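Step one of this worksheet: look at the structure below.
There are 2 protein chains.
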Amino acid sequence: MFEGGLDLSGAAVRVALPELQRLTNELLRASGLQVDHAAIVTDVFMRATYRGVSHHDIYELPGRLAALAAGKVNPNPNMTIINKYAALENYEGDNGLGELGGMFIMRRAEQLADEHGIGLCAIRNSNHILASTPYVETAAERGYIGYIVTRGAPTMGAPGRKEKVIGTSPMGYAVPTENDCHIMFDACLAYASNGVLAEKAEAGESVPAHWGLDSEGRPTGDPAAIAKGTRQPIGAHKGFGLTILGEIITGILADGQIIDEPQDGTGLVGMPSHTAICIKADGLLGARRFRRRTTELAERMEARASGLQLPGQRSARSRNEMIGAGAIELKEPLLARLNEWSAKLGVQPL
Amino acid sequence: MFEGGLDLSGAAVRVALPELQRLTNELLRASGLQVDHAAIVTDVFMRATYRGVSHHDIYELPGRLAALAAGKVNPNPNMTIINKYAALENYEGDNGLGELGGMFIMRRAEQLADEHGIGLCAIRNSNHILASTPYVETAAERGYIGYIVTRGAPTMGAPGRKEKVIGTSPMGYAVPTENDCHIMFDACLAYASNGVLAEKAEAGESVPAHWGLDSEGRPTGDPAAIAKGTRQPIGAHKGFGLTILGEIITGILADGQIIDEPQDGTGLVGMPSHTAICIKADGLLGARRFRRRTTELAERMEARASGLQLPGQRSARSRNEMIGAGAIELKEPLLARLNEWSAKLGVQPL
């Protein structure tokens, strides 16, 4: 969900990508992040922004800067290992940015996969990771099947139930192919994200009635009523069961919070834990054959259904177009907010 | 889907569980399975049958015996390793029973997890594994988070598409808790299995229109029309993306077939590959704390939604009732078929 509460109806302004990258990096540096951490978080924001969706991307940066300025997020976390068993590791996130914790565990999972073929790394007491794609995309670029899953407060119902019992297990994976378009997936296990519900409500559109219940527990096609009520898991008990697995491998394996458990000390509910799993793509087949086979998998599906949209294709097109143009169209309200933060933090504005 | 084509409308007959176990084992032995293999496959059939669902269980045994008798399945497979990289292994299944290949890779994944904390083992050229629960249930009993996924021929559509582009990635997981009811999940990623569609059609019930398309590609609530048309993935692009991951970690990591690829030599499409992943549950937290936390996870959800049904609870109740009674009610047509096979194979009937 869009966290900054920005009005997105304003005019669009063209911004050169290197300028956006510079500004993001300098704003993070001025917010207290050390050089290497600011570079990592900037990379996450740029990768998320290349998807061209205008949420879970640069539009969240003002919210992150506000959280850092208010002391709600630690700009300089000391991520320390809690436990290790061969290819399994878990870490204390020290309330750092989720973008930092997410990339940290993905790189660790890659290193564990180098040694063991497969590696799992979890982190607790982290924050929102923005989106799954930046993490799994970098893993695929480096030759791994990358997977990440994250947890938060209970916001989703069990099948047919209006009580919110569990989060939505946002997760993503990416798998290398022969070309620069990975097979890449990023979704939560509710039918709809809060952002999609808000978009549909704003557009005056209805949604399928199985997407959620109103606050009385009745199925409804009104996205605003679902947003006030309870979202439902995809495929009823199927999505519910898969979400529980996500909560186990994040909250429990990270030794962090689960369901509605409050954090020690702060009492906060919903502190994110994330878990990354990497599989060495050339471990069993060799890199060339692995990439041939994933490419062939896509080709065989496309041959059966002409024009088929595969996961990762839309975001790869957006990225290539944006990088080709060297610029992005951003809405004026976002630019105004970023420039306010530039003034506050003594950074050169756009 | 019920493979044997049995009429299930007949009267029920009470059969002692040890008798059913004896018969299953002797029928498999008489079909050419060696002693240890027959014991493993019998255990899979008994565990699947304890769930009390009357499909994907003992009701499939006549179909398996027919496949063995017809030489379609190899009674004495030589499962040999293809490749290994630390905690990753893949195997040639030699056209053995899926129940054998599935248990083989689950035990190997456990051994890899003992050494590496997490292990992945894949097998190609196997056959139908019956159900996911027997494999993951034994892994949970032994102290692992057990996960299994399998692949077959393309039988499911992409979102909104009537062309069948991929299988349904049947998968399951089980996680140990403090009691004898694991958190345990077993489902495919289509809204409905073929078995559920057949049941609904027989009962004259309709199903939600998002479950599938008729043969013209139109959404329909008629289960018989969906069965003739195309099933849809749960949550549209979400289930579709997760199914693709299932196809990659089975078909590709096992170095077996993918999508509609024919098997070398036989030309058969849809030869199953399976992949098991195990995580040592006490690797990061210690066994006692891990089980406390999974139990607490269930308790916290149940506290938020009284009477909540969690994955694994229904099948645990069925198993406990059946084992408590020491007997099972089986339909007469199944008994007749089993006794026909007993006569053919020279085994003492029930």
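In order, the protein sequence lines correspond to chains A and B.
Residues in the first sequence are numbered consecutively from 223, following our numbering.
Residues in the second sequence are numbered consecutively from 223, following our numbering.
The beta carbon of each residue, even a glycine, is placed where N, CA and C say it ideally should be.
As the structure is a prediction and not an experimental result, all values here were calculated from the model.
With 9 Å as the limit, tell me which residues of the region 338-356 of chain A have their beta carbon closer than that to any beta carbon of chain B; keep them in chain order.
Listed by position along the chain: HIS338, GLY339, ILE340, GLY341, LEU342 and ALA344.
Using a Cβ-Cβ cut-off of less than 9 Å, list which residues of the region 441-473 of chain A approach chain B; keep chain order.
For chain B, the residues of the region 441-473 of chain A that bring a beta carbon within less than 9 Å of one of its beta carbons are PRO455, ILE456, GLY457, ALA458, HIS459, LYS460, GLY461, PHE462, GLY463, LEU464, ILE466, LEU467, GLU469, ILE470, ILE471 and GLY473, in chain order.
Mind reading off the beta-carbon distance from LEU239 (chain B) to ILE550 (chain B)? Whole number of angstroms is fine, and I expect it under 8 Å.
With 8 Å as the limit, LEU239 (chain B) and ILE550 (chain B) qualify as a contact, their Cβ atoms being about 6 Å apart.
Going by beta carbon distance, what residues of the same chain come within less than 6 Å of ALA520 (chain B), once the five residues before and after it are set aside?
Within the same chain, ALA520 (chain B) has close Cβ partners LEU532.
Contact residues within the region 260-280 of chain B, judged by C-beta distance below 9 Å to chain A
Result list empty, no residue passes.
Integer-rounded CB distance, given that GLN454 (chain A) should sit under 8 Å from LEU435 (chain A):
The distance from the Cβ of LEU435 (chain A) to that of GLN454 (chain A) is about 7 Å, consistent with a contact at the 8 Å cut-off.
Residues near PRO496 (chain A) by beta carbon distance below 8 Å, same chain, minus five either side
What sits at residue 496 (chain A) in the sequence shown is His, not Pro. Scanning its chain for C-beta atoms nearer than 8 Å, with the 5 sequence neighbours on each side dropped, one finds around HIS496 (chain A) the residues GLY320, GLY323, GLY324, ILE327, ALA344, ILE345, SER348, ILE351, ILE370, VAL371, THR372, ARG373, THR472 and ALA476, in chain order.
Any beta-carbon of chain A closer than 9 Å to the one on GLY365 (chain B)?
No, no contact with chain A.
Answer yes or no: does any C-beta atom of chain A fall closer than 9 Å to that of GLY379 (chain B)?
So, interface residue.
Could you tell me whether the Cβ of THR302 (chain B) comes closer than 9 Å to any Cβ of chain A?
Taking Cβ atoms only, chain A never reaches closer than 9 Å to THR302 (chain B), which makes this a no.
If I'm right that ALA270 (chain A) touches HIS259 (chain A) with Cβ under 8 Å, what's the distance once you round it to whole angstroms?
With a Cβ gap of about 17 Å, ALA270 (chain A) and HIS259 (chain A) do not count as contacting.
For HIS259 (chain A), the three-state DSSP class (helix, strand or coil)
In the structure shown, HIS259 (chain A) sits in a helix (DSSP, three-state: H, G or I).
Count the other CB atoms within 10 Å of the CB of LEU560 (chain B); is the residue buried (16 or more) or exposed (fewer)?
Counting every other CB atom within 10 Å of its CB across the protein chains shown gives LEU560 (chain B) a total of 16 or more, marking it as buried.
Taking the runs of the beta strand (DSSP E) that are 3 residues or longer, which of them lie wholly in the region 317-382 of chain B?
Annotation: the region 317-382 of chain B contains the following complete segments of the beta strand (DSSP E) (minimum length 3 residues), in chain order: 340-346 and 366-372.
Is GLU543 (chain A) helix, strand or coil when you go by DSSP?
Assignment of GLU543 (chain A) by DSSP, reduced to helix, strand and coil, places it in the helix class.
Is GLU400 (chain A) helix, strand or coil when you go by DSSP?
Note: GLU400 (chain A) maps to coil in three-state DSSP.
Alpha carbon to alpha carbon, how far is VAL429 (chain A) from ARG383 (chain B)?
Rounded to the nearest angstrom, the two C-alpha atoms are 19 Å apart.
With three or more beta-carbon pairs closer than 8 Å as the criterion, would you say the region 292-303 of chain B touches the region 243-257 of chain B?
In short, these stretches touch, since the Cβ pair count reaches three.
Option in A:GLU363, A:SER437, A:VAL569 and A:HIS432 with minimal Cα separation from GLY443 (chain A)
Comparing Cα positions, the closest option is A:HIS432.
Cα-Cα separation, PRO284 (chain A) to LEU572 (chain A):
About 14 Å.
To which residues of the same chain is ALA547 (chain A) closer than 7 Å at the C-beta, ignoring the five residues directly before and after it?
In the same chain as ALA547 (chain A), and ignoring 5 residues on each side of it, no C-beta atom comes closer than 7 Å to its own.
How would you list, in chain order, the residues of chain A whose beta-carbon sits under 8 Å from the beta-carbon of ASN312 (chain B)?
Residues of chain A whose Cβ lies closer than 8 Å to the Cβ of ASN312 (chain B) are, in chain order, LEU506.
Here's the rule: buried if 16 or more other CB atoms are within 10 angstroms of the residue's CB, otherwise exposed. What is GLY227 (chain A)?
Low per-residue confidence applies at GLY227 (chain A): pLDDT is 47, beneath 50, and the placement is therefore not dependable, though the value from the model is reported in the following sentence. By the neighbour-count rule (16 or more Cβ atoms within 10 Å), GLY227 (chain A) is not buried but exposed.
Let me check one thing: in DSSP terms, what residues is THR302 (chain B) bridge-paired to?
Per DSSP, the beta bridge partners of THR302 (chain B) are B:GLU314.
By the 10 Å Cβ neighbour count, where 16 or more other Cβ atoms means buried, how is GLU311 (chain A) classified, buried or exposed?
Result: buried.
Have a look at PHE224 (chain B) and ARG236 (chain B) and give me their C-alpha separation to the nearest angstrom.
Its pLDDT being 35, under 50, PHE224 (chain B) is placed unreliably in this model, and the value from its coordinates should be taken loosely. The alpha-carbon atoms of PHE224 (chain B) and ARG236 (chain B) are separated by roughly 21 Å.
Do you know offhand how far ALA233 (chain A)'s Cα is from LYS553 (chain A)'s?
Rounded to the nearest angstrom, the two C-alpha atoms are 6 Å apart.
Top-ranked residue by Cα proximity to ASP482 (chain B), from B:ALA289, B:PRO381 and B:ILE388:
Checking every option, the nearest Cα to that of ASP482 (chain B) belongs to B:ILE388.
Using a Cβ-Cβ cut-off of 9 Å, state whether THR488 (chain A) counts as contacting chain B.
It does not; no Cβ of chain B falls within 9 Å.
Which whole-angstrom value describes the C-beta separation of ASP408 (chain A) and THR355 (chain A), a residue pair presumed to lie in contact below a C-beta threshold of 8 Å?
Contact flag correct, Cβ pair sits at about 5 Å.
Which one or two residues does DSSP pair with HIS496 (chain B) in a beta bridge?
Answer is B:ILE345 and B:THR372, bridged to HIS496 (chain B).
Counting only beta-carbon atoms, is GLN535 (chain A) nearer than 9 Å to chain B?
Answer no: the Cβ-Cβ gap between GLN535 (chain A) and chain B never drops below 9 Å.
Among all the DSSP beta bridges, which residues are the ones paired with ILE388 (chain A)?
Beta-bridge analysis with DSSP links ILE388 (chain A) to A:MET378.
I'd like the span of the beta strand (DSSP E) that includes GLY405 (chain B), first residue to last.
Per the sequence presented here, residue 405 (chain B) reads as Ile, with Gly not at that position. 405-409 is the span of the beta strand (DSSP E), which, as asked, contains ILE405 (chain B).
Measure the alpha-carbon distance for ASN317 (chain A) versus PRO494 (chain A) and round it to whole angstroms.
A straight-line Cα-Cα distance of about 9 Å links ASN317 (chain A) and PRO494 (chain A).
Does ALA361 (chain B) come within less than 9 Å of chain A when only Cβ atoms are used?
Chain A contact via Cβ: absent.
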